[in-house]
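What follows is a set of notes on a single structure, which appears directly below.
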Amino acid sequence: MPATTNLRRPGDAPGPGIHSPEAGPLAQTLPPADVFAALGSDPGGLPVAEVAARAVRYGANELPRVARRAPWRQLAAQFTDLFAVVLMVASAITFLAWGLQRPRDSGTLQLAVAILGVVLLNAVIGFVQEYSAERTAETLQAMVPHACRVLRGGERREVPVRELVPGDVVLLEAGDAVPADCRLVEAYDLSVNNAALTGESDAVTRTAEAVAAGPVLQARNAVFMGTDVVVGSAKAVVCATGAATEFGRIFRLAAAAPRQRTPLQRQVAVMARRVAVAALVTGAVLFAVRLPTGQSLVSSFVFALGVMVALVPEGLPATLSVSLAVGVRRMARRHALVKKLLAVEALGSTTVVCTDKTGTLTEAEMTVVAVWAGGVTHAVSGVGYTPEGEVSGDGQVHELLRVAALCSDARLVPPSDRRGWRVLGDTTEGALLVAAAKAGLDPVSEEAAAPRTADYPFDPVRKMMSVVCAEPGDGHRAYVKGAPHELLARCSGVDWQGASRPLTDDTRAAVAAAADELAGQGLRVLGVAARTVSGPRPAQGEAENGLTLLGLVGMLDPPRPEVSAAVAACRSAGIRIVMVTGDHPLTAEAVARRVGIVREARPTVVTGDRLDAMDGKDLDRLLAQSGELLLCRVSPEHKMRVVTAFQRRGEVVAVTGDGANDSPALKHADIGVAMGTSGTDVAREAAVMVLLDDSFASIAVAVRLGRSVYQNIRKFLVYLFSHNIAELVPILAATFVGFPLVPISAVQILAIDLGSDVLPALALGTEPPEPDVMERPPRSREERLFSGHVVRRFLFLGTIQAIGVCAVFFWRVNSAGIPYSAFTADNPVYREAITMTQAGIVVSQFFNALAVRTERQSVLRAGLFSNPLLLAAGALGIALMAAISYAPFLQAVFHTAPLSPADWAVLACLGLLLLLAEETRKWRLRRREAAAEEGAHR
């Protein structure tokens, strides 16, 4: 076997491969024929046994994982959060105050311990969520396919990228991400984007020929991991994998960069800090008010400190993260992989979806159903990729299908591993191979009989591809397939009923009419043409002009059955759907009507040529029209321009894409959505969401779940801040009426935070979407999380709670029949009163959690028992309250007293009144909306 000293083990120092200065003369300067021996490979690829041996020697072709912090370090990091530091300082000061007290008050010690308890609870929640999020991200990323095409043992195969080894022969096409560092041995019009390595966004050409020795990244006959193929195709030999690649070197430098928080998280953090400032001000006011009443300095300070700590929304960041993570997991279960937490929330405000047709709205299993040749349309039977069916017609049809198969790069893969027939490569080309097989042709044998000597890959400007094949006894012939009208413009003759004749104006009109007729039936139409050329590598201009048209092929990609309902849901949600496709306008309109995107008699159909003729103002006027819009025969550049124009109008745009050229639009869109199955690696990398099933229905589901995530965040904001009002108002009321003691102690407040605050708020984050969530208009881009609606709602609910707990406290205090000044902390009635206050807040919070589950819909219609986690969290809080009331050792800690069944009944009535008030508000809101809608229809 040839020497392999140029190949390196991941992590080794550079050897004499093309990445080291010594390798320049060895690899860069060698002609393609000598590269295989120099790199220990073979033109047919490595034998399977050698692949296994090298896999053991060099390891997996994957970048080194960033060293994860040990669990104990992750837990320790939770104590460095701003709120955690504040709470720990407060606890330390409370401990110090307890040490200075004479005599020492056990209540002060209990407060210090309770504050530490809050810190520990938040740390545990944050640690569990972070640890779980890491595992979830790893699991979800594994769901996205990452594969490449190789030659092994002379056979073309598709293998996972991580299984590549040095010496593998890789096949590259436009849209592919380069899976490893490679030396090119064949290159056909190859251009790559090296932005990931060099920062230069312009595509650079590559060649397989020898070049002069020089810097590694400037080697024009090498391609590198992390870059992507923009145009052309190539064959290359892997030189380095994993950490030994140039990209691996850069990755190690960047891997330790800190992760940035999302704008939503920053907005919540700012809000929490402002609330903390308000709590500090409130505590200072209470300290100033209590000090002149005869309370000691230490006791007044400890009391104010406890109130300030209790009013800080400690669990808010953790609750936010849980809600977003729940949304990510729910979307993953519905085949939508979200790569950024921010995208979960942003989906809820989407106003425009620019969607592809093929594979997103349709099945992406193209099936040839008609062949037009010599003025006659021939039927093709069978569905899908299974090569079973019949092709009507004579030898002219067979020749057309043979040429179409030779002008294809796809491969038809037989059933294996519980998978049926499938296509490796472009689905349109796969349909041509299947049709050729139905006609009795063997595409593999035909390719061997007429070997390819040159090819000119498809690009969206020419809208065609061509190959040159060596035909036995017939010299070299160019075979071309592409968009009918573009191909027809390059033809000078036509094969008509077995004879070639000049393409007259009448014949040209007949061919165009036939193409339009097939497209009008919802078929995707390709033209097929041929000509004899001067040699094995003619110029592209020679190969693609002066052609003889062989005929047309019409194929159908049936709409996905679930798409129509998803389109209807998006319409109800106020989301505009714009089809952006490279297909013929008639084909696009036919599919759009089938799935419900088009319902009007005459939608606005704009082609790429018309877009080119529009300036910015014309495009703005076009997009401002409210009618149905189809953009056809467009390029990725057109898609990028349309997305930018929509965003100028203030729209929140989601864009689907699958090709490498779609990556600019995917990155620029508010929500870039790539295809997980048919999409290229480059598109998946540029997008923030990947559809694992490639279906438009998954976009609609993701929007629905994104809206519910935002709603759930608002719900637990209302829940958290309304009970803070219920805790604060009784203290203020008691202070200003001259009651010498507090209606609820700081330790009791912290117990509420621990027992009936965080867990129900977390449960609210798992609340399923409301039934009418897709019947509301998209949320405004300018709407803030802490909006006027949220503030009004928690003030409404918090005021009702505060009135209730104040009423039960003073009712119980006044039942003693003694002046306020006569009350002491050991008075049994006072202990019963503060127990009633605490229990009143806990019970009302249980009903409050039920009330905030929905914003408009009655909770009775939503189902009282439809969120068992919320019920369990509320029941746990009430059980803890009961233990505080009845357990002697907890009575000593919280200075509480046993409550009678009548007391619990009174508190339950207060909670029911809260629920009834909120249900009444929702009922009035629904009536107003119904009246407004009725008035709008008049």
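For the sequence shown, our numbering assigns the number 153 to the initial residue and increments by one for each residue that follows.
Built from N, CA and C at the ideal position, the CB exists for glycine as well.
Here the structure is a predicted model, which is why all the values come from computation and not from measurement.
Practice task
Check whether the stretch 762–778 touches the stretch 696–707, taking contact to mean three or more Cβ pairs, one atom from each stretch, closer than 8 Å.
Solution key: no
Exercise for the section: Quick one: grab the DSSP three-state call for Ala386. Expected result: strand
Handout entry: Residues that Arg676 bridges to, as DSSP identifies them
Key = Met707
Practice task
For Cys1061, write down the residues that DSSP places opposite it in a beta bridge.
Solution key: Looking at the DSSP assignment, Cys1061 forms no beta bridge with any residue, so it has no partner.
Handout entry: Buried or exposed (CB count within 10 angstroms, at least 16 for buried), Asn345
Key = buried
Handout entry: Start-to-end residues for the beta strand (DSSP E) that takes in Lys633
Key = 627–634
Handout entry: Exposure of Leu1016, with buried meaning 16 or more beta-carbon neighbours within 10 Å
Key = exposed
Exercise for the section: Would you please state the rounded distance, in angstroms, between the beta carbons of Val549 and Ala525? I believe it to be under 8 Å. Expected result: 5 Å
Practice task
Excluding the 5 residues preceding and the 5 following Ile727 in the sequence, name in chain order all residues of the same chain whose CB lies nearer than 8 Å to its CB.
Solution key: Thr502, Thr503, Val504, Val505, Val855, Pro930
Practice task
Give every residue of the same chain whose Cβ lies closer than 7 Å to the Cβ of Pro603, excluding the five residues on either side of it in the sequence, and list them in chain order.
Solution key: Cys621, Ala622
Exercise for the section: Indicate the three-state DSSP secondary structure (helix, strand or coil) for Ile970 in the structure shown. Expected result: coil
Exercise for the section: Output the residue ranges of the beta strand (DSSP E) runs that lie fully inside the stretch 820–896 and measure 3 residues or longer, sorted by chain position. Expected result: 823–827, 841–843
Practice task
Taking only runs that begin and end inside the stretch 643–694, name each unbroken alpha helix (DSSP H) of 4 or more residues, in chain order.
Solution key: 657–672
Handout entry: Sub-8 Å separation of Val853 and Met841 beta-carbons
Key = no
Problem - Distance, Gln230 Cα to Arg411 Cα - result: Model confidence at Arg411 stands at a pLDDT of 45, short of 50, so the residue's coordinates are unreliable; what they give is reported in the following sentence. Going from the Cα of Arg411 to the Cα of Gln230 covers about 16 Å.
Exercise for the section: Determine the burial state of Phe998: buried for a count of at least 16 other Cβ atoms within 10 Å of its Cβ, exposed for fewer. Expected result: buried
Exercise for the section: Flag this pair as yes or no: are the beta carbons of Val302 and Val322 separated by less than 8 Å? Expected result: yes
Handout entry: Beta-carbon proximity check, Met1033 vs Gly907, cutoff 8 Å
Key = yes
Handout entry: Rounded separation between Arg1073 and Glu1007 - CA only
Key = 10 Å
Exercise for the section: Can you give me the Cβ contacts of Asp685 inside the same chain, cut-off strictly under 7 Å, excluding the 5 residues immediately before and after it? Expected result: Here the sequence assigns Val to residue 685, which means Asp is not the residue at that position. Within the same chain, Val685 has close Cβ partners Val620, His628, Arg629, Ala630, Glu694, Ala695.
Exercise for the section: Answer yes or no: do Val786 and Val870 have a C-beta to C-beta separation smaller than 8 Å? Expected result: no
Handout entry: Neighbourhood of Asp194 by C-beta distance below 6 Å, restricted to the same chain and skipping five residues each side
Key = Phe188
Practice task
Answer yes or no: do Ala498 and Asp822 have a C-beta to C-beta separation smaller than 8 Å?
Solution key: yes
Practice task
Return the CA-CA distance between Glu599 and Thr605, expressed in angstroms with no decimal places.
Solution key: 11 Å
Exercise for the section: Alpha carbon to alpha carbon, how far is Arg928 from Glu1085? Give it in angstroms, no decimals. Expected result: 12 Å
Handout entry: Span separating the alpha-carbon of Gly768 from that of Lys615
Key = 25 Å
Handout entry: According to DSSP, residues forming a beta bridge with Cys300
Key = Val311
Handout entry: Residues of its chain near Leu443, where Cβ-Cβ distance is below 6 Å and the 5 sequence neighbours each way are ignored
Key = Ser452
Exercise for the section: Starting from the N-terminal side, write out each stretch of the alpha helix (DSSP H) that is 4 residues or longer and does not extend beyond the stretch 227–275. Expected result: 234–252
Practice task
Output yes or no for whether 8 Å exceeds the beta carbon distance between Asn373 and Thr357.
Solution key: no
Problem - Where Phe948 falls: helix, strand or coil (DSSP) - result: helix
Handout entry: Residues bridged to Val532 (per DSSP)
Key = Val543
Practice task
Give the straight-line distance between the Cα atoms of Gln370 and Gly319, rounded to the nearest whole angstrom.
Solution key: 21 Å
Handout entry: Candidates Leu738, Asp328, Val200: closest to Gly305 by CA position
Key = Val200
Problem - Alpha-carbon spacing of Asn1000 relative to Gly582, whole angstroms - result: 58 Å
Practice task
Take the Cβ of Glu361 as the centre, count every other Cβ of all protein chains shown within 10 Å, and call the residue buried at 16 or more, exposed below.
Solution key: exposed
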